[in-house]
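Encoded as structure tokens, the structure appears first; notes follow it.
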Amino acid sequence: MMKAKKIGLVTHPLHGNYGGMLQAYALYTVLEGLGVTPLLVPPPGHIRRCLVAPYQGGSKVEALRRLLKDVAFFLLVFFRGSRERRPYHFPTLLTLVQSWCFRRHFLPRVVAADRAGQGGVDTFVVGSDQVWRVLYTRWAPRAGFFFLDFAMPSQRERSVAYAASFGTDVWEGNEEETALCRALVRDFRALSVRERSGVDLCERVFGCPAVQMPDPTFLPERSAYDAVIGRHREPWACVPSSERASRVLAVYLLDGYADCSRDEFLEAVRRQGYEVEWLEEDPTSRQRFRRLRPTVARWLYAFKHADAVVTDSFHGCVFSILFNKPFVCLGNKERGTARFETLFQTFGLADRAVTDGGTDEVFRVLEEPVDWESVNARVLEERRRGLDFLRRFVAER
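For the sequence shown, counting from 1, position 96 maps to 402 in this note's numbering; every step adds exactly one.
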């Protein structure tokens, strides 16, 4: 009996980013379904860098004192529900624990990059969440890592990029990085990118053709995400929407509240008859675990069961689409809009983006109906395209 191909899955460290963790899970799950054996290839040293960064500078004694204080605050918040916060390292400790638990359960097969690049896998799939955005990759551990600079040429020749994302519509690499990445990527068997603008970047920067493919999170059936949610339940979702006193608005915002303060946003939410389910730390709750960062299961559960969503996250928009939830996306040009533009053009949802107009515009858009039948038909078409690409270039021998 022929052994299954071993595929190294090269993506960003699974550290705190819900969308990043779920796109890796989605690609891992789909590859398993295609009859190959995926192995996660984490960037070397990323955990050490996360832990060491807050303590660089000063003497070793001062660094040790800061570490002990941070650990004490972490335990205090987790077990006693203290309102105290450390601005950087407490979230780092918690997200490392959550990410490790998620990876151990859902992406259990891992191989070190040096071993993978010396024949530990047959080939690689690079993708997807902004893996080719040099601004985000220089530290983890270098831009060339996500172009397989650690792999043998024979491995690169069998490798593919699946929906690799530049994050923006411009190439951010310097002259040296451009030359290195151009030389490496020309070895790849096939290139696909997540944004339409990425097709042009591949041609212009690398001199290589590429096709546009959907984000990996669109590839599995919804049941794959039910497996992540598992037995997680929320009291508010046990009551049908029609019987609730207030509709539930899932809020996942990385940057802000539509040209207003948090208090102004909350007041507008109440006027519209919603109660908020925070998909970040809830600063208003007296329950200690509501003031902790949500687990991936709780994050997904809220998207599945909420009545509506307000977000500025790419994957927040993706899961609103997958679970057919009315949503509004708050734009932020500084973080890059190319991925949002491709997403909304693909599904005919450009009117769900709000860049100005404040809370009045947010809730006006939120109440606009969505043609979910048309959207779902396009999801199926995008899923078919993505799976066909992986079958052709990854699963077939």
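Glycine included, C-beta positions come from ideal geometry on N, C-alpha and C. Nothing here was measured: the structure is a model prediction, and the numbers come from that model.
With the cut-off set at 7 Å, would you say residue i and residue j are in Cβ contact?
| i | j | result |
| --- | --- | --- |
| Trp477 | Leu497 | no |
| Gly322 | His621 | no |
| Pro546 | Asp493 | no |
| Thr661 | Gly637 | yes |
| Asp521 | Ala644 | no |
| Ala457 | Gly433 | no |
| Asp613 | Arg568 | no |
| Phe455 | Leu413 | The displayed chain sequence assigns Asp, not Phe, to residue 455. Their beta carbons are not under 7 Å apart, which means Asp455 does not touch Leu413 by this criterion. |
| Val671 | Val624 | no |
| Ala608 | Leu585 | yes |
Along the chain, where does the alpha helix (DSSP H) containing residue i start, and where does it finish?
| i | result |
| --- | --- |
| Val582 | Val582 -> not in any alpha helix (DSSP H); beta strand (DSSP E) instead, spanning Tyr580 to Trp584. |
| Ala489 | Glu481 to Val491 |
| Val440 | Val440 to Thr443 |
| Leu337 | Tyr324 to Gly339 |
| Glu680 | Reading the sequence as shown, one finds Ser at residue 680 and not Glu. Looking at the DSSP string, the run of the alpha helix (DSSP H) that includes Ser680 is Trp678 to Leu696. |
| Phe625 | Phe620 to Leu628 |
Tell me where the beta strand (DSSP E) around residue i begins and ends.
| i | result |
| --- | --- |
| Leu636 | Phe633 to Leu636 |
| Pro344 | Thr343 to Val347 |
| Arg576 | Looking at the DSSP string, Arg576 is not in any beta strand (DSSP E); the run it does join, the alpha helix (DSSP H), is Arg568 to Arg577. |
| Arg553 | Arg553 to Tyr558 |
| Thr617 | Ala614 to Thr617 |
| Ser498 | Ala496 to Val499 |
Within 10 angstroms of the Cβ of residue i, are there 16 or more other Cβ atoms? Answer buried if so, exposed if not.
| i | result |
| --- | --- |
| Lys309 | exposed |
| Cys407 | exposed |
| Ser626 | buried |
| Asp435 | buried |
| Glu573 | exposed |
| Arg464 | buried |
Since I believe residue j is in contact with residue i (beta carbons under 8 Å), could you give me their beta-carbon distance rounded to a whole number of angstroms?
| i | j | result |
| --- | --- | --- |
| Thr523 | Leu559 | That belief does not hold up - the Cβ atoms of Thr523 and Leu559 are roughly 19 Å apart, past 8 Å. |
| Val437 | Thr443 | 7 Å |
| Glu674 | Asp657 | 7 Å |
| Ala603 | Ile535 | 5 Å |
| Gln404 | Arg599 | 7 Å |
Using only the alpha-carbon positions, how far apart do residue i and residue j sit?
| i | j | result |
| --- | --- | --- |
| Lys631 | Arg421 | 43 Å |
| Arg550 | Glu527 | 29 Å |
| Gly423 | Glu482 | 22 Å |
| Gly479 | Cys544 | 49 Å |
| Asp694 | Gly341 | 14 Å |
| Val681 | Glu702 | 30 Å |
| Phe293 | Ser548 | With the chain covering only 307 through 703, there is no way to say anything about residue 293. |
| Phe646 | Val367 | 46 Å |
| Tyr394 | Leu402 | In this predicted model, Tyr394 has a pLDDT of only 47, less than 50, meaning its place in the structure is not dependable enough to derive any value. |
| Leu525 | Gly579 | 35 Å |
| Tyr334 | Phe451 | 19 Å |
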